[in-house]
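**Student:** Right, I'll just put the structure down here and ask away after.
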Amino acid sequence: MGENWWRTAVVYQVYPRSFADGDGDGVGDLPGVTSAMDHLARLGVDAVWLTPYYPSAGADGGYDVTDHRDVDPELGTLEDFDRLVAAAHRRGLRVLVDVVPNHTSDQHKWFQQALAAGPGSPERDRYVFRDGRGAAGELPPSGWESRFGGPAWTRVPDGQWYLHLFAPEQPDLNWDNPQVRAEFLDILRFWGRRGVDGFRVDVAAALVKDLREPLRPVVGGEGSSGLDDLAANPDHPFLDRPEVHEVYREWNRVFHEFDPPLIGVAEAWVPGERRVRYIRPDELQQAFNFEFLRVRWHAAEYRRVITESISSAASVGTAATWVLSNHDVVRPVSSLGLPAEVDPRVWLRSDGTDPPADLRLGTRRARAAVLLELALPGSAYLYQGEELGLPEVPDLDHRVLRDPKWTRSHGKEKGRDGCRVPMPWTPTGPSCGFSTRTGWLPQPPGWGRYSVRTQEGDPTSVLELYRTALRLRRGFAADEAFAWDERHDRGDVLAFRRARDVLVLVNTGPQPVALPDGEVLVSSVPLDGALPGDAAVWLRVTRG
Ligand code: TEU
Numbered sequence: 001m002g003e004n005w006w007r008t009a010v011v012y013q014v015y016p017r018s019f020a021d022g023d024g025d026g027v028g029d030l031p032g033v034t035s036a037m038d039h040l041a042r043l044g045v046d047a048v049w050l051t052p053y054y055p056s057a058g059a060d061g062g063y064d065v066t067d068h069r070d071v072d073p074e075l076g077t078l079e080d081f082d083r084l085v086a087a088a089h090r091r092g093l094r095v096l097v098d099v100v101p102n103h104t105s106d107q108h109k110w111f112q113q114a115l116a117a118g119p120g121s122p123e124r125d126r127y128v129f130r131d132g133r134g135a136a137g138e139l140p141p142s143g144w145e146s147r148f149g150g151p152a153w154t155r156v157p158d159g160q161w162y163l164h165l166f167a168p169e170q171p172d173l174n175w176d177n178p179q180v181r182a183e184f185l186d187i188l189r190f191w192g193r194r195g196v197d198g199f200r201v202d203v204a205a206a207l208v209k210d211l212r213e214p215l216r217p218v219v220g221g222e223g224s225s226g227l228d229d230l231a232a233n234p235d236h237p238f239l240d241r242p243e244v245h246e247v248y249r250e251w252n253r254v255f256h257e258f259d260p261p262l263i264g265v266a267e268a269w270v271p272g273e274r275r276v277r278y279i280r281p282d283e284l285q286q287a288f289n290f291e292f293l294r295v296r297w298h299a300a301e302y303r304r305v306i307t308e309s310i311s312s313a314a315s316v317g318t319a320a321t322w323v324l325s326n327h328d329v330v331r332p333v334s335s336l337g338l339p340a341e342v343d344p345r346v347w348l349r350s351d352g353t354d355p356p357a358d359l360r361l362g363t364r365r366a367r368a369a370v371l372l373e374l375a376l377p378g379s380a381y382l383y384q385g386e387e388l389g390l391p392e393v394p395d396l397d398h399r400v401l402r403d404p405k406w407t408r409s410h411g412k413e414k415g416r417d418g419c420r421v422p423m424p425w426t427p428t429g430p431s432c433g434f435s436t437r438t439g440w441l442p443q444p445p446g447w448g449r450y451s452v453r454t455q456e457g458d459p460t461s462v463l464e465l466y467r468t469a470l471r472l473r474r475g476f477a478a479d480e481a482f483a484w485d486e487r488h489d490r491g492d493v494l495a496f497r498r499a500r501d502v503l504v505l506v507n508t509g510p511q512p513v514a515l516p517d518g519e520v521l522v523s524s525v526p527l528d529g530a531l532p533g534d535a536a537v538w539l540r541v542t543r544g
């Protein structure tokens with residue numbers, strides 16, 4: 001793997017607080033990740049992406065950073081970080097880290113200085129401060145809403161308002177300010193010199209805002225994702241502005257100070273034709289395909305999204321970047337087990353009327369979905385616990401919820417803690433091997449049956465399915481050839497050819513279909529001459 005190692009890489013996302021606890025305080029940490037590195041190597045992934053481990057005020061799971069060049073004391077030290085990188089590299093695993101450029105914590109020294117320095121100061125210009133509307137400036141400068149609910153503006157004691165697209169504890173930086181730009185170039189260099197191989201860019205599409213007065217309203221945006229907001233507002237005041245690309249062109253020059261160059265993957269909830277604008281030889285290398293993540297087990301939708309994603313990636317000379325889940329969305333075992341009409345995003349309501357997910361069905365579909373994902377050309381990002389078939393934990397006690405979505409929505413949305421419950425490593429123990437004591441989020445009864453130890457060596461387990469698929473994938477991933485198979489691709493059945501001799505079938509419907517001739521490489525369920533409903537198979541067929 002040379003410069004283009006990322007192009008067909010499988011990247012494993014670690015949410016450090018919930019992965020493995022090295023010091024027994026109930027919170028996962030960097031030494032924990034290092035000690036579990038063999039799990040990743042055995043799984044067969046190519047890289048690990050760490051979500052934020054930086055010092056943080058804890059308002060948004062680490063995405064409210066107080067110092068971009070250090071490690072949160074709860075999670076370890078810079079030396080622990082170095083050991084983690086060395087342990088990964090020794091096993092041939094690359095390391096990506098999150099960079100959070102849209103906002104800082106309100107406890108960040110810059111924001112504290114901005115508060116102290118007052119209106120019109122250079123300190124305030126690093127953020128987005130405005131006078132309010134109304135006779136006495138008592139109304140927020142615009143009607144923009146925060147992603148976590150409520151207004152995107154908060155008033156400070158001297159009467160000005162500051163912008164926060166997320167929680168009030170996450171003030172947005174002003175990317176028109178040269179100090180902000182220079183600071184992040186330096187942050188990229190800092191981690192590059194510490195050996196990281198690249199960055200996942202948080203909220204990559206939102207950094208640059210159109211702040212010309214009067215601030216323009218956002219029409220009808222559903223508020224929970226840029227995909228919906230951009231459909232209603234093609235010229236959005238703060239999402240996917242053309243000027244944001246200048247930022248990544250500057251970053252790209254820093255990436256090229258390293259050999260091989262560092263990479264950047266954009267977390268941008270934007271539709272395909274806009275997503276690929278981030279991928280350029282002089283910008284970022286990848287952008288998550290969230291449209292794929294959104295498909296609800298529907299063959300025609302998959303067909304459309306896959307065709308569109310492959311061709312839009314090809315139009316910029318690369319391959320797509322597939323995602324089934326991450327730390328922000330309902331776990332697929334649960335979302336794929338919900339009735340088709342139930343949107344997983346609104347499923348997590350606290351009014352007690354949510355239908356339960358059918359976990360048997362959801363697990364069956366999630367097994368097939370990962371065979372679909374890992375067969376597609378390009379790279380794939382897996383989220384910790386996916387390889388164990390962990391379900392969402394939708395009924396965490398309200399008192400343990402940490403996600404700002406919970407408080408900001410005034411208890412209307414439970415938020416994302418249910419996909420962040422600590423990993424089970426062993427069938428028993430105070431937190432199933434995650435820590436020597438109870439974890440920071442409680443694991444539900446029976447969590448131990450999902451443990452790595454329980455599943456290891458059991459050929460029917462989700463873990464062994466992932467290992468097998470990842471091993472087989474190595475045999476053909478480098479060949480990016482893809483073609484829908486005209487004979488078998490129809491109705492509820494997706495069928496495509498990969499590389500020269502792999503035929504992939506995914507049956508999203510309830511009825512079994514005949515199995516074409518070929519050697520079964522791996523299947524999501526045991527096969528008996530036919531491919532049953534909600535199942536997938538990879539076949540080796542004669543070259544054609
Ligand atoms: O998420 C960005 C983002 O837009 C999310 O609000 C996303 O639309 C939503 O969670 C989908 O359900 C990133 C991080 O991944 C998230 O964890 C952070 O809370 C957020 O940025 C703020 O930094």
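Counting in the UniProt record's numbering, the sequence shown runs from 1 upward without gaps. Here a beta-carbon is modelled for each residue, glycine too, at the ideal position from N, C-alpha and C.
(1) For ARG449, write down the residues that DSSP places opposite it in a beta bridge.
(2) Could you check if LYS402 belongs to the surroundings of ligand 1, using beta carbon to heavy atom distance under 7 Å?
(3) Apart from the five residues on each side of it in sequence, which residues of its chain come closer than 8 Å, Cβ to Cβ, to ARG360?
(4) In the DSSP assignment, find the alpha helix (DSSP H) that holds ASN252 and state where it starts and stops.
(5) Taking 7 Å as the cut-off, is the beta-carbon of TRP175 closer than that to any non-hydrogen atom of ligand 1?
(6) Which residues mark the beginning and the end of the beta strand (DSSP E) in which PRO499 is found?
(7) For LEU348, count the other beta carbons within 10 Å of its own beta carbon; 16 or more makes it buried, fewer makes it exposed. Which is it?
(8) Would you report the Cα separation of HIS398 and GLY475, rounded to the nearest angstrom?
(9) First and last residue of the beta strand (DSSP E) that includes PHE19?
(10) Quick check: is any heavy atom of ligand 1 less than 7 Å from the C-beta of GLY226?
(11) Which class does ARG490 belong to by DSSP, given the choice of helix, strand or coil?
(12) By DSSP's criteria, ALA47 is part of a beta bridge. Which residues make up the other side?
(13) Within the chosen definition, does the region 82-89 reach the region 55-65 through at least 3 CB pairs nearer than 8 Å?
(14) How about GLY429: is its C-beta nearer than 8 Å to some C-beta of chain C?
(15) Ordered along the chain, which non-local residues of its own chain (more than five positions away) have a Cβ less than 6 Å from that of SER524?
(16) Excluding sequence positions up to five away, which residues of its chain have a Cβ less than 7 Å from the Cβ of GLY150?
(17) Could you check whether ARG331 and PRO424 sit closer than 8 Å to each other, using their CB atoms as the reference points?
(18) How would you label ASN4, buried or exposed, when you count the other beta carbons within 10 angstroms and need 16 or more for buried?
(19) Could you tell me the distance, in whole angstroms, from the CA atom of HIS164 to the CA atom of VAL128?
(20) Could you give the first and the last residue of the continuous alpha helix (DSSP H) run that contains ILE279?
(21) Within the same chain, show all residues whose beta-carbon is closer than 7 Å to that of ALA514, passing over the 5 residues directly before and after it, in chain order.
(22) How many whole angstroms separate the CB atoms of LEU227 and ASP240, which I take to be in contact at a CB cut-off of 8 Å?
(23) With distances taken between CB atoms, is the gap from VAL522 to LEU441 smaller than 8 Å?
(24) Go to LEU465, then tell me how far its alpha helix (DSSP H) extends in each direction, as first and last residue.
(25) Check whether the Cβ atoms of PRO427 and THR454 sit closer than 8 Å, and answer yes or no.
(26) Using three-state DSSP, classify HIS89 as helix, strand or coil.
(27) Label GLU386 either buried or exposed according to how many other C-beta atoms from any shown protein chain fall within 10 Å of its C-beta, with 16 as the threshold for buried.
(28) Judging by CA-CA distance, which residue of LYS412, VAL156, GLY192 is the nearest neighbour of THR353?
(29) Compare the beta carbon distance of ARG130 and GLN160 with 8 Å and say whether it is the shorter of the two.
(30) Can you give me the Cβ contacts of PHE81 inside the same chain, cut-off strictly under 8 Å, excluding the 5 residues immediately before and after it?
(31) Please classify ARG345: does DSSP put it in a helix, a strand, or coil?
(32) What are the boundary residues of the alpha helix (DSSP H) that GLU291 is part of?
(33) Among the residues of its own chain, which have a CB less than 6 Å from the CB of SER350, if the five just before and after it don't count?
(34) Using only the heavy atoms of ligand 1, determine whether one of them is closer than 7 Å to the beta carbon of TRP6.
(35) Can you give me the start and stop residues for the alpha helix (DSSP H) that THR34 sits inside?
(36) Taking its Cβ as the centre, do 16 or more other Cβ atoms sit within 10 Å of VAL333, making it buried, or is it exposed?
**Tutor:** From the atom records:
(1) Looking at the DSSP assignment, ARG449 forms no beta bridge with any residue, so it has no partner.
(2) Per the sequence shown, the amino acid found at residue 402 is Arg instead of Lys. It does not: the Cβ of ARG402 is nowhere closer than 7 Å to a heavy atom of ligand 1.
(3) GLY337
(4) 244-255
(5) no
(6) A small correction: the amino acid at residue 499 is Ala; Pro does not occupy that position in the sequence shown. That residue, ALA499, is in no beta strand (DSSP E); it is neither H nor E in DSSP.
(7) buried
(8) 46 Å
(9) Counting along the chain, PHE19 falls outside any beta strand (DSSP E), and DSSP gives it neither H nor E.
(10) yes
(11) strand
(12) VAL11, ARG94
(13) no
(14) Reference to chain C is not applicable here, since this structure consists of a single protein chain.
(15) ARG367, ALA368, LEU371, ALA535, ALA536
(16) ARG408
(17) no
(18) exposed
(19) 8 Å
(20) Note, ILE279: premise wrong, no alpha helix (DSSP H); not H, not E.
(21) ALA530
(22) About 11 Å separates the two Cβ atoms, so there is no contact after all.
(23) no
(24) 462-473
(25) yes
(26) helix
(27) buried
(28) LYS412
(29) yes
(30) LEU30, TYR53, VAL71, ARG194
(31) helix
(32) 290-294
(33) GLY411, LYS414
(34) no
(35) 30-35
(36) buried
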